[in-house]
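Novice: The sequence shown begins at 298 in our numbering and counts up by one. Don't be surprised by glycine CBs; every beta carbon is placed ideally from N, CA and C. Quick one: this structure, given as structure tokens, is what I'll be asking you about.
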Amino acid sequence: MAKAKPVFFCASCGHESPRWLGRCPGCDAWNSFAEAPVSAAASSRPGASPALGRRAARSAGPVLVPLREVETGDRPRVSTGMQEFDTLLGGGVVAGSVILIGGEPGVGKSTLLLDVLARLARVAGPAVYLSGEESAAQTKLRAQRLGGAGDVLLVAESNLGPVLDEVERAGARVLVVDSIQTVYLEGCESGVGSVAQVRECAQAIQHFAKRTGCATFVVGHVTKDGAIAGPRLLEHLVDTVLYFEGDGAAGLRVLRSYKNRFGSVDEICVFAMGESGLREITEPSKRFLDGRSSRASGSCVVPGIVGSRPILLEVQALLAGAAYGTPRRLASSLDAGRLAIVLAVLEKHAGLLVGGQDVYASVAGGLRIAEPASDLALALAIASAHRNVALPHDLVAFGELGLSGEVRGVGQGERRLAEAARLGFTTAIVPHAARGAAAPRGMRVIPVDDVARALAAAWEIA
């Protein structure tokens, strides 16, 4: 057997090089290359176990087919029995898909997947849970807290190759790998959890899922900066990337879709953590507005669009005197750059002088909002905090602020207004471009074309 040549991989983007490089040409990261010597057996087919390699040797060669002659067919989907989670995936679990779920330790990744796997085992067929971190007894204890998962097949093993062979012989339709950083392939000489090992295991899982049609969930750990550990190539190999975010200390878990080949991206699913595991929240707008004060200043509700549906969120602002001479600008669950722009627009075009004050802005509930439609609500919240006057409790506002002070239109205005009216809001300040949107019955819509008129309209009804 020929001696394997060393290969180097970038830990940030997965770029491969035959020699070590100080700076990655793919992502410009410094000192990110790690040596990953791969044996000749493993290099013959990346990510393949010996059994998979023998099957590949017997397979036929590639065949070129005209694109117009390719048969697509409908990919069958299986419902998990969790309506919100099915919506997040695009309508259910697709056979042969690979789904990556990331999040901080203890956020509920294993709890959610064990519950989902128990549901799928009853409707889809054999389901296997591969635990590389916990023993079989520990996994059973968690299953008992969830109400039991007797139909799930369990294997506590870290050697991925034999497990995939056994899963195929069992005819499993669903597989959970918990986690990708704790399994390994014997053909790869790198250590468990290394860049090369994660890459090889991910490729083996992908080949297995596509060849057998077994839907596979993969758990991924996160690094200190919140990114999924391992090369970014891991995200390119899978079909769907889901990530837990939000304020876990408050009992809420927000699962967001960042990539989905079988559905829309940026969809969210909100869970509440309880004694019996994660419970879906079917009305996320009500949950995020729960506990909102009717008399507090510095608060405004924005009907945002998250994924494919509108969700109402409370934008809060607080102004305080700068204690050390240099005012602070802090944003939580908001884009700090947008906060700086909104403050500059308010000073220049609305005469709101806040340059000498600390400004704190956040979104209640921990759900991050990045769309420009929240600019107007943020501006109203800051103005409310500055004057210490509460805005009407039944007021919503949305619109993008331009640098010249204009309030620009945003998409899906009718859906935003309909969601606000459904939850009892009766007044809306909207961009002038949205004046033609059909207003729900009983809702007063105030169109404005610049930020100064928006503030004047808010004070008039306050």
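1) Going by DSSP in three states, THR369 sits in which element: helix, strand or coil?
2) Applying the 10 Å Cβ sphere with the 16-neighbour rule, what's the burial state of TYR426?
3) Measuring CA to CA, which of ARG470, TYR540, THR384, ARG496 is closest to SER407?
4) What three-state label does DSSP hand GLY601 in the structure shown?
5) Report buried or exposed for ASP587, applying the criterion of at least 16 other Cβ atoms within 10 angstroms of its Cβ.
6) To test your reading of the DSSP string, which unbroken alpha helix (DSSP H) runs of 4 or more residues are found completely within the segment 553-587?
7) So VAL656 and LEU698 are supposed to be a Cβ contact under 8 angstroms. How far apart are they, rounded?
8) Buried or exposed: which applies to GLU366, given that a residue is buried once 16 or more other Cβ atoms fall within 10 Å of its Cβ?
9) Which whole-angstrom value is the C-beta distance of GLN709 and ILE602, which I expect to be below 8 angstroms?
10) Quick check on the DSSP output: the beta strand (DSSP E) that includes CYS498 runs from which residue to which?
11) CA-CA distance, ALA411 and ARG592?
12) Under the rule that 16 or more other beta-carbon atoms within 10 Å means buried, what is ILE396, buried or exposed?
13) Looking at the secondary structure, which residues open and close the alpha helix (DSSP H) in which GLU381 lies?
14) Using the C-alpha atoms, what's the distance from VAL390 back to ASP448?
15) With which residues is VAL473 paired in a DSSP beta bridge?
16) Between THR614 and ARG626, how many whole angstroms is the CB-CB distance? I'm expecting something under 8 angstroms.
17) If we call anything under 8 angstroms between Cβ atoms a contact, is ASP536 one with ARG558?
18) Quick one: residues in its chain with C-beta nearer than 7 angstroms to the C-beta of VAL686, no 5 flanking neighbours on either side, listed in chain order?
19) Quick check: the Cα distance between VAL452 and GLY574, rounded to an integer number of angstroms?
20) Consult DSSP for SER455 and reduce its assignment to one of helix, strand or coil.
21) The beta strand (DSSP E) with THR537 in it runs from where to where?
22) Which same chain residues, not among the five before or five after ARG665, have their C-beta less than 7 angstroms away from its C-beta?
23) How is the alpha helix (DSSP H) around THR436 delimited, first residue to last?
24) Where PHE305 and VAL745 are concerned, what is the direct C-alpha to C-alpha distance, given to the nearest angstrom?
25) With three or more C-beta pairs closer than 8 angstroms as the rule, is the segment 428-446 touching the segment 559-571?
26) What three-state label does DSSP hand LEU627 in the structure shown?
27) Less than 8 angstroms separating the beta-carbons of ARG374 and ALA424?
28) Quick one: Cα of CYS321 to Cα of ARG442, how far?
29) So, with DSSP's three-state summary, where would you put ALA337?
30) Using 8 angstroms for Cβ pairs, my map puts VAL599 next to ALA674. What's the rounded Cβ distance?
31) Determine whether the beta carbon atoms of GLY739 and ALA717 lie at a separation below 8 angstroms.
32) Suppose the cutoff is 8 angstroms on Cβ atoms and the five residues either side in sequence are ignored; what does the same chain contact list for ALA680 look like?
33) From CYS498 to VAL480, what distance separates their C-alpha atoms?
34) Check the DSSP bridge columns for VAL693 and list the partner residues they point to.
35) Go through its chain and collect everything with a Cβ distance to PRO347's Cβ below 8 angstroms, but skip five positions before and after it.
36) State the DSSP-derived secondary structure class of VAL258, mapped to helix, strand or coil.
Specialist: Looking at the coordinates:
1) coil
2) buried
3) TYR540
4) strand
5) exposed
6) 581-585
7) With a Cβ gap of about 15 angstroms, VAL656 and LEU698 do not count as contacting.
8) exposed
9) 5 angstroms
10) No beta strand (DSSP E) contains CYS498, which is instead part of the alpha helix (DSSP H) from 492-509.
11) The identity of residue 411 in the sequence shown is Leu, whereas the question assumes Ala. Taking the straight line from one Cα to the other gives about 43 angstroms.
12) buried
13) 380-386
14) 18 angstroms
15) TYR426, PHE514
16) Reading off the sequence shown, one finds Ala at residue 614, where the question assumed Thr. Not a contact, Cβ separation roughly 11 angstroms.
17) yes
18) SER594, ALA759
19) 22 angstroms
20) coil
21) 537-542
22) GLU542, SER630
23) 433-442
24) 57 angstroms
25) no
26) strand
27) no
28) 46 angstroms
29) Confidence in ALA337 is poor, its pLDDT being 39 and thus under 50, which makes the residue's placement unreliable; the coordinate value appears in the next sentence. Three-state result, ALA337: helix.
30) 4 angstroms
31) no
32) LEU643, ALA647, LEU649, LEU752, ALA755
33) 7 angstroms
34) VAL598, ALA725
35) Residue placement at PRO347 is flagged as unreliable, the pLDDT there being 44, under the threshold of 50; a coordinate-derived value is accordingly withheld.
36) Outside the shown range of the chain, which is 298 to 759, sits residue 258, and nothing can be said about it.
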